[in-house]
Amino acid sequence: MRLSQYFLPVLKENPAEAQIVSHRLMLRAGMIRQQAAGIYSWLPLGWRVLKRIERIVHEEQQRAGHIPLLMPTLQPAELWRESGRYDDYGQEMLRITDRHKRELLYGPTNEEMITDIFRSAIGSYRDLPLTLYHVQWKFRDEMRPRFGVMRGREFLMKDGYNFDLTKEAALHAYNRHLVSYLRTYERMGLQAIPMRADSGPIGGEDTHEFLVLADTGESEVFYDSEITDLRFGDRQIDYADETQCRAVLEEFTSRYARTDETHDEALFAQIPEARRRKARGIEVGQIFYFGTKYSEPMGAVVVGPDGSRQPVHMGSHGIGVSRLLGAIIEASHDERGIIWPEGVTPFPVGIVNLKQGDAATDGACEALYAALAERGLEALYDDRDERAGAKFATMDLIGLPWRITAGPRGLASNTVELTNRRTGETEVLSPADAVERVAAAYAPVKAREYPVAVG
RNA sequence: CGGGGCGUAGCGCAGCCUGGUAGCGCGACGGCUUUGGGUGCCGUAGGCCGCGAGUUCGAAUCUCGCCGCCCCGACCA
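With numbering that gives the first Met the number 0 as the guide, the letters of the first sequence map in order to residues 0 to 454.
Now the structure itself:
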């Protein structure tokens, strides 16, 4: 993409309404625009990152064997009366009446609807296990939206639902989700720690929240410092294998890690003092096992191998896709701007032309741009007629992980500069070598991709 | 929903107390300058001063009502 032809309305000054760093940077980098309290337009740069994150979520869901579909944003109130949540959910649920005076609601989650879909089509244990998910906009009419996309009213969320014959099978689904979530967050450059949590309005017995440690987090968390040493890495897991999945769950949940809702001082005190940590965290996902809470009242039953009809065991699992942008920025920025992890960056690399209009420099930049594209790397090429300082400031603000700087001085000896946004380290090398280095930097990112039809 | 605050140019703000017909910086646009960290200078455009009533010869300014947004708290993915 040539910056001269893109839409990137960056701001030099901080908008007054933004209090926390991720909100400020998203506004300044021209990623979002607020349209109402807690409701945002996604401008091109923000949209790109949102879609990158969404794609990773899709890939990891499908790698785990989960099946994508799409449910509507508006739901009939009737479904929610069946589960009893229409009244329980309270003012956070946005209720709408159509021209026929029929009651609708803008879905805050989809347990009822997915259960309805399931019961209408599935009647036999032979169709189990089944996990369906979608990535869809949700609405919760927060009393007080704040922190930009971290606590908006409209938000993009992946929510998935598993259907299993037995509790044991459903717990495997739970474990499988935990594993897939660990891999998902790591691909985004995040460490998200599973913590024992409260089930809230979803209800249920087992639940873990995934938290990204950040000073601006809304939750107070307590954990054993050993947990932050754990990495999922590139290990290969057979998602169908119950033992493997359970082993990962045990590895990642055996140490103390809880939010303030479930914090237990006595248990916490048993950890050696040097390892006790109290911090703040941003919740970026949650998994639940809730058994037959919805299947029983809503009649989602299957005929078992013994011929008896039994309600299915279910769980639900969410990832806050739009909120993740805020969480990633909170966890990865400096005083100059955002620092995107390579897995989610809107563009893999930026090209700064130091002397726009100079034939040799323009030509070298165009050649770089084309060479990168040949490697499957779409650069953001700053071809504006701006001063070097302005171009650097923009690149730093929007946070592309790599920057290639080309000017007449270096090109005289056939060199450009390759700068790492995170470390600030700069190497002087030939344009061809710069392309190779960037390609090499993204090789691990590409290696982690998982080709899917829907994503 | 309790408490507090703010709505004036795309963004950040002043003007309001003490009514007299709107200003500064950044940004945008044009010109000159020049080119490795938001260059310097000159110029131009851009406002139903959130909306509606009222007081007044006259309202951004005073009064009342409404709407919107932000902050603290409670709540929450």
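C-beta atoms are modelled at their ideal positions from N, C-alpha and C, and glycine is treated no differently.
Note that the structure is predicted; figures quoted are calculated from it, not measured.
- For the options P75, A63 and A76, the alpha carbon positioned closest to that of L131 is the one of A63.
- In the displayed model, F287 falls within a strand according to three-state DSSP.
- Taking a contact as a CB-CB distance under 8 Å, the pair A196 and T261 counts as one, their CB atoms being some 6 Å apart.
- Rounded to whole angstroms, the separation of the alpha carbons of I337 and M149 is 16 Å.
- Counting the other CB atoms within 10 Å of its CB gives F209 a total of 16 or more, which places it among the buried residues.
- The shortest CA-to-CA distance from I113 to any of L93, P75, V48 and I281 is the one to P75.
- Burial is judged here by how many other beta carbons sit within 10 angstroms of a residue's own beta carbon; L323 has at least 16 and is buried.
- R101 has its alpha-carbon roughly 48 Å from the corresponding atom of L2.
- Remark: fewer than three beta-carbon pairs, one from each stretch, lie closer than 8 Å, so the stretch 152-165 and the stretch 210-222 are not flagged as touching.
- DSSP places W401 inside the beta strand (DSSP E), whose first and last residues are W401 to A405.
- By the 16-neighbour rule on beta-carbons within 10 angstroms, T422 is exposed.
- Excluding five sequence positions before and after P347, the CB atoms of its chain that fall closer than 6 Å to its own CB belong to L376 and Y441, given in chain order.
- Per DSSP, the beta bridge partners of V415 are L428.
- Residue environment analysis places Q60 among the buried positions, since at least 16 neighbouring C-beta atoms fall within 10 angstroms of its C-beta.
- A distance below 7 Å between beta-carbons, with the five flanking residues on each side excluded, links V451 to the following residues of its chain, in chain order: H57, E58 and Q61.
- Between G362 and E426, the alpha-carbon positions lie close to 21 Å from each other.
- About 10 Å separates the CB atoms of V320 and M187; that is not less than 8 Å, and the two are not in contact.
- Sequence-distant partners of I95 (beyond 5 residues in either direction) whose C-beta falls short of 6 Å from its own C-beta, in its chain, are L103.
- The alpha-carbon of R230 is positioned some 29 Å away from that of L396.
- Between the alpha carbons of Y255 and S224 lies a gap of roughly 9 Å.
- Between the stretch 310-320 and the stretch 364-372, the count of C-beta pairs closer than 8 Å stays below three; the two stretches do not touch.
- Given a length threshold of 3 residues, each whole run of the beta strand (DSSP E) inside the stretch 136-220 is given here in chain order: 153-163, 191-195 and 205-212.
- Judged by DSSP secondary structure, A35 falls outside any alpha helix (DSSP H) and instead within the beta strand (DSSP E) spanning I31 to A35.
- One Cα belongs to A431, the other to R408, and the distance between them is close to 17 Å.
- Look at I328 here: in three-state DSSP terms it is helix.
- DSSP, read as helix, strand or coil, puts S3 in helix.
- For A387, the enclosing alpha helix (DSSP H) starts and ends at A387 to I397.
- Beta-carbon to beta-carbon, G349 and D381 are separated by about 6 Å, close enough to satisfy the 8 Å threshold.
- For Q243, the uninterrupted alpha helix (DSSP H) run begins and ends at E241 to T252, by DSSP.
- Contact annotation: G280 and S218 have beta-carbon atoms nearer than 9 Å.
- Q309 has V301 as its beta-bridge partners, per DSSP.
- Within the model, the alpha-carbon separation for L353 versus W136 is close to 42 Å.
- M25 counts as buried, since no fewer than 16 other beta carbons sit within 10 angstroms of its beta carbon.
- V220 places its beta carbon less than 9 Å from that of T258.
- Contact between R374 and V311 is absent: CB atoms are separated by about 47 Å, not below the 8 Å threshold.
- Taking 9 Å as the cut-off, the Cβ atoms of G29 and L49 do not count as close.
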